[in-house]
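Written below as structure tokens is the structure these notes are about.
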Amino acid sequence: MANKIFIIVTFIGVPLSVIGTLMHWSSTVLFLIYCLTIVSLASFMGRATESLAIVTGPRIGGLLNATFGNAVELIISIFALKAGLIGVVLASLTGSVLGNLLLVAGLSFFIGGLKFKRQHFNVHDATHNSALLIFAVIVAFVIPEVFTINMNESRSLSLSVGISVILIALYLAALFFKLVTHRGVYQPKVESGAEQQEEEAEWGKGKAITILLAATIAVAYVAENLVHTFEEVGQSFGWSELFIGIIIVAIVGNAAEHASAVIMAYKNKMDVAVEIAVGSTLQIAMFVAPILVLISLLFETKMPLVFSLPEMVSMAVAVLLSISIANDGETNWFEGLTLLGAYVIMGIGFYLL
Amino acid sequence: MANKIFIIVTFIGVPLSVIGTLMHWSSTVLFLIYCLTIVSLASFMGRATESLAIVTGPRIGGLLNATFGNAVELIISIFALKAGLIGVVLASLTGSVLGNLLLVAGLSFFIGGLKFKRQHFNVHDATHNSALLIFAVIVAFVIPEVFTINMNESRSLSLSVGISVILIALYLAALFFKLVTHRGVYQPKVESGAEQQEEEAEWGKGKAITILLAATIAVAYVAENLVHTFEEVGQSFGWSELFIGIIIVAIVGNAAEHASAVIMAYKNKMDVAVEIAVGSTLQIAMFVAPILVLISLLFETKMPLVFSLPEMVSMAVAVLLSISIANDGETNWFEGLTLLGAYVIMGIGFYLL
Amino acid sequence: MANKIFIIVTFIGVPLSVIGTLMHWSSTVLFLIYCLTIVSLASFMGRATESLAIVTGPRIGGLLNATFGNAVELIISIFALKAGLIGVVLASLTGSVLGNLLLVAGLSFFIGGLKFKRQHFNVHDATHNSALLIFAVIVAFVIPEVFTINMNESRSLSLSVGISVILIALYLAALFFKLVTHRGVYQPKVESGAEQQEEEAEWGKGKAITILLAATIAVAYVAENLVHTFEEVGQSFGWSELFIGIIIVAIVGNAAEHASAVIMAYKNKMDVAVEIAVGSTLQIAMFVAPILVLISLLFETKMPLVFSLPEMVSMAVAVLLSISIANDGETNWFEGLTLLGAYVIMGIGFYLL
Chain A
1 MANKIFIIVT FIGVPLSVIG TLMHWSSTVL FLIYCLTIVS LASFMGRATE
51 SLAIVTGPRI GGLLNATFGN AVELIISIFA LKAGLIGVVL ASLTGSVLGN
101 LLLVAGLSFF IGGLKFKRQH FNVHDATHNS ALLIFAVIVA FVIPEVFTIN
151 MNESRSLSLS VGISVILIAL YLAALFFKLV THRGVYQPKV ESGAEQQEEE
201 AEWGKGKAIT ILLAATIAVA YVAENLVHTF EEVGQSFGWS ELFIGIIIVA
251 IVGNAAEHAS AVIMAYKNKM DVAVEIAVGS TLQIAMFVAP ILVLISLLFE
301 TKMPLVFSLP EMVSMAVAVL LSISIANDGE TNWFEGLTLL GAYVIMGIGF
351 YLL
Chain B
1 MANKIFIIVT FIGVPLSVIG TLMHWSSTVL FLIYCLTIVS LASFMGRATE
51 SLAIVTGPRI GGLLNATFGN AVELIISIFA LKAGLIGVVL ASLTGSVLGN
101 LLLVAGLSFF IGGLKFKRQH FNVHDATHNS ALLIFAVIVA FVIPEVFTIN
151 MNESRSLSLS VGISVILIAL YLAALFFKLV THRGVYQPKV ESGAEQQEEE
201 AEWGKGKAIT ILLAATIAVA YVAENLVHTF EEVGQSFGWS ELFIGIIIVA
251 IVGNAAEHAS AVIMAYKNKM DVAVEIAVGS TLQIAMFVAP ILVLISLLFE
301 TKMPLVFSLP EMVSMAVAVL LSISIANDGE TNWFEGLTLL GAYVIMGIGF
351 YLL
Chain C
1 MANKIFIIVT FIGVPLSVIG TLMHWSSTVL FLIYCLTIVS LASFMGRATE
51 SLAIVTGPRI GGLLNATFGN AVELIISIFA LKAGLIGVVL ASLTGSVLGN
101 LLLVAGLSFF IGGLKFKRQH FNVHDATHNS ALLIFAVIVA FVIPEVFTIN
151 MNESRSLSLS VGISVILIAL YLAALFFKLV THRGVYQPKV ESGAEQQEEE
201 AEWGKGKAIT ILLAATIAVA YVAENLVHTF EEVGQSFGWS ELFIGIIIVA
251 IVGNAAEHAS AVIMAYKNKM DVAVEIAVGS TLQIAMFVAP ILVLISLLFE
301 TKMPLVFSLP EMVSMAVAVL LSISIANDGE TNWFEGLTLL GAYVIMGIGF
351 YLL
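Residue numbers (the UniProt record's numbering), protein chains in the order written: chain A, 1 to 353; chain B, 1 to 353; chain C, 1 to 353.
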């Protein structure tokens, strides 16, 4: 049913976006149309990527998911970089990290926990992911924050580029570890065969690639226009660029993903729900963020990997909280509520900033 | 025997407090009398609350303990707020957190550990509490610290109020989780029946309520006067308001509780000792602190939830240390000494500040 | 074979150091000679200490290892203190902490992990050490950092001295705990008898003491001269004092130790490898650093226990990362790579600073 809605929204939203853009409708209306269109297009991209991943087998599929999983966010960010909106890009990265770790995981744990008293997920994966979260957010993001305080711009950028290269290299190494050298090593043996059998590609290879391409082009068109509405929309609603990036862009870019995590939790498939939330966070922090730093070198305004202090502290604190909640491999409604509480606190903070 | 001493101190201390106040004795003498009187009155309030908790059953009893457990501290703080001593209130909150997490837990682990080689407590509770400690101290206290750096006063207060409401809501949700939806879910099955049978109320319902009311009124009277001695006592001894709040008020407000935690540890009832230390910390951070922020709105000087940097860092660091020590569900004398070492380090720091 | 190389380097390096010093060779050449000579002398001191430790039994042996294990670093630092180079001393302490936690542990896990899919070590030790790491680095180092921001010099020093005394006291208590009251309590029972039998002292008591003394004197001579080359070498290569301290001095002072940790990991003796890396970190943080603060009181320039912000944050972040990686008692090549990645990130940061 959700799929039908997305089809309708897409087939109304895309032409409406084109018409509205050409006719210079009011920014607020366009902003709304663009956002809804992107959310529905993102769901197509997600389904196409998944179909391709199943067709191409677990290794290449894992790689596909790991690189295209946040394609929408990447596309929006590239256009924002091109428009020189570095603050919005850093904010939307922050928003994605917070959104995945606190909002998505929180909703999943909470809604899943309303149905099931205790839900379990693979502890080994949680430990592995905890270390990566600390590496990415607490090491790779905090170090430039502190070291660049008295550094000139060119050195800040050198440091950012160095860290970005290491982040991407380690992200690839993590995929190699998970998909090649240690595939299945930490998984419980039973069921895995049974579960893999039920996975069947929704679309064939050709159809999936066609849809992926078409949706990507459409997203790119809408995203470019979306970026240019930020300033006016911010002024109309009294929102700062920071708030737009952290709350709006992050939610629009990840809405489809968010929904499927919650559905998985409701079906008691916590491994999948956690994998979506944490996996997506790691992808943002270890792949999308550093790629954007490197891409920004091609544009006029370069983006160093230096977040504002509130952004940095929010992310670090969110990582510590989610690790302390996830490290027993068990969840319940109250743990979900705790994560949501943290998200609301930060939301209020960024709104008032 | 301890009870007899408290009776004597109470029946000498209360009239002496009244006489001394009326006759304007020296601040230092009054300060000493007030402190001792409050400590002994607090022990009566504690016993009355516990009796009521047993009589009213586990659910309402748990709620009673959770709200009246730090009543003395709450009363002292309200009078300090009324006198505009925001710095002292924030300091005494800090002192309670540090005192419970480091001093009480440290003494319990150390003294218990001198008698028993290894002591154990419920790991599930420890994990649950760890997440709440991180939520309260590292999220809810750190966020306003960082976000308000460049914020004007009214926005700082809005943020503080928002966070306070969320803290109280989550505290109530935690009680609901513990007492209703997940009662006994994480407890080992055995013994529980046996242990609950041996609990018997010391006082009947009527007597407990009478004593609780009388002691509360007496505490309120003494506390109001105590607050006004701070300035002169500070000057006589060369103590800053900060030091008085962090070390003196915090110890006076929690002395009775502290003693019973150590006694429990000595009896190898580590679950109870840890529950007192950590439970009390959570109550301070998630209930007393936000309630005080909201109450301060009624007074002339409003209190934002913004600690000084040394206070904030000390609390955050104490949380990380105590979590890392507690997360294996086992204690020994050395772990107690480590916590005490941290308390002394911070004590020296606040003394020299 | 490694031993033969060390013998050759020692018997060429020591006379060359003397001759070069007297003939005022270029600083860069001398710097290189001094470094190599110290590395090879350090290996003799390590072997002599170990032989003595075996001869004198586990208790006194443990004490010997715990005090002489970082003798080389201590000697170099004392001469740097004497020359007033406080910045270099603090940097080399930082470098040792980072080097042990990230470089040595990282290399051990990585190289060991290339040979073995999963390697295991004692989880109880890891938990015990985690708490101490947090105590030393996150409590004892962070507190003075934050508290001294607005403190005058004499109070900063008082705080540093107080913390140093507590650190040393707790370090001795930790030895007492490990060697006396809780010896073997947390060790798995099996094998331990078998393993202890195979340990045999390389040298007799007399020979070991003679070599230890001779090597110490030689190290002292070379170290004193090494310290005076820092300024010129820094200028020639464009290295800051900070970088020399953090990367060069730390590696030279610990090279021999580093090598043996990696060899142990390659032999799948992860308990030993982790003990070297983490034990050495604790020794630096809880014994060498505070001893140097106290020794500095004898010199003209006193050293407070206040690191620069990048140093402090790097150490705190390294502790959090290594705890999150080590707390499951299992390692693999990817965990090693993660630690190495963090080391490189910090290395780049300090180079650009």
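From the three backbone atoms N, C-alpha and C, an ideal C-beta is built for every residue, glycine too.
Quick caveat, the model's predicted, so the values are computed rather than measured.
Out of C:I247, C:Q283 and C:V55, the CA that lies nearest to the CA of I209 (chain C) is found in C:V55. Nearest to V180 (chain C) by alpha-carbon distance, out of B:T229, B:K117 and B:V222, is B:K117. Residue environment analysis places K178 (chain A) among the buried positions, since at least 16 neighbouring C-beta atoms fall within 10 angstroms of its C-beta. Within the UniProt domain "Sodium/calcium exchanger membrane region" (27-179) of chain A, not a single complete beta strand (DSSP E) segment reaches 3 residues in length. Boundaries of the alpha helix (DSSP H) around P15 (chain B): A2 to L22. Y34 (chain A) and M23 (chain A) have their alpha carbons spaced roughly 14 Å apart. Close to chain A, meaning a Cβ-Cβ distance shorter than 9 Å, are the following residues of the stretch 114-146 of chain B: V123, H124, T127, H128, S130, A131, L132, L133, I134, F135, I138, V139, A140, V142, I143, P144, E145 and V146. Around the beta carbon of R183 (chain B), fewer than 16 other beta carbons lie within 10 angstroms, which makes this residue exposed.
Close partners of R183 (chain C) in chain B (Cβ separation under 9 Å) are lacking, with about 11 Å as the shortest Cβ gap.
Non-local C-beta neighbours of D271 (chain A) in its own chain, meaning closer than 7 Å and more than five positions away in sequence, comprise F121 and N122, ordered along the chain.
With its beta carbon at least 8 Å from every one in chain B, N100 (chain A) lies outside the interface. At least 8 Å separates the CB of A285 (chain C) from every CB of chain B. In terms of Cα proximity to I7 (chain A), the closest of A:G204, A:L213, A:L74 and A:L41 is A:L41. T331 (chain C) sits in a strand when the DSSP states are folded into three classes. Of the residues A:A256, A:L305 and A:T338, the one whose Cα lies closest to the Cα of T49 (chain A) is A:A256. Taking 8 Å as the CB threshold, D328 (chain B) lines the interface with chain C.
The stretch 257-270 of chain B makes no contact with the stretch 80-95 of chain B, as fewer than three CB pairs between them are under 8 Å. Interface with chain A (8 Å Cβ-Cβ cutoff): N332 (chain C) is included. Fully contained in the UniProt domain "Sodium/calcium exchanger membrane region" (208-346) of chain B are the following alpha helix (DSSP H) runs of length 4 or more, in chain order: 230-237, 250-266, 270-283, 289-296 and 309-326. Taking each of C:G57, C:S26, C:S27 and C:V14 in turn and checking the Cα distance to L36 (chain C), the smallest one comes out for C:V14. Around the Cβ of I149 (chain C), a 10 Å sphere holds fewer than 16 other Cβ atoms; the residue is exposed.
Shown here for F287 (chain C): same chain residues with a beta carbon closer than 8 Å to its own, the five before and five after excluded, namely A66, T67, N70, L167, I168 and Y171 in chain order. Put simply, of A:L309, A:L294, A:P310 and A:F334 the residue whose alpha carbon is nearest the alpha carbon of M303 (chain A) is A:L294.
In this structure, A318 (chain C) sits near L101 (chain C), with a CB-CB distance shorter than 8 Å.
In summary, A174 (chain C) is buried, with 16 or more beta-carbon neighbours lying within 10 Å of its beta-carbon over all protein chains present. Ranking A:L242, A:I323, A:G253 and A:N152 by CA distance to the CA of M346 (chain A) puts A:L242 first.
If you draw a straight line from the Cα of W203 (chain B) to the Cα of L64 (chain B), it comes to about 15 Å. Here the alpha carbons of S296 (chain B) and I246 (chain B) stand approximately 20 Å from one another. With the rule of 3 Cβ pairs closer than 8 Å, the stretch 156-166 of chain C does not count as touching the stretch 330-348 of chain C.
If you ignore the 5 residues before and after G329 (chain B), its C-beta comes within less than 8 Å of the C-beta of H120, F121, N122, V123 and A126, all in its own chain and listed in chain order. The three-state reading of DSSP puts L353 (chain A) in coil, since its state is none of H, G, I, E or B. Your pair L352 (chain B) and S158 (chain C) checks out as a contact, with CB atoms roughly 6 Å apart and the cut at 8 Å. L98 (chain C) is positioned such that its CB atom lies closer than 8 Å to that of M315 (chain C). Residue burial is scored here from C-beta neighbours: S236 (chain C) has fewer than 16 other C-beta atoms within 10 angstroms and is therefore classed as exposed.
Under the three-state reduction of DSSP output, G204 (chain B) falls in the coil class, being neither helix nor strand.
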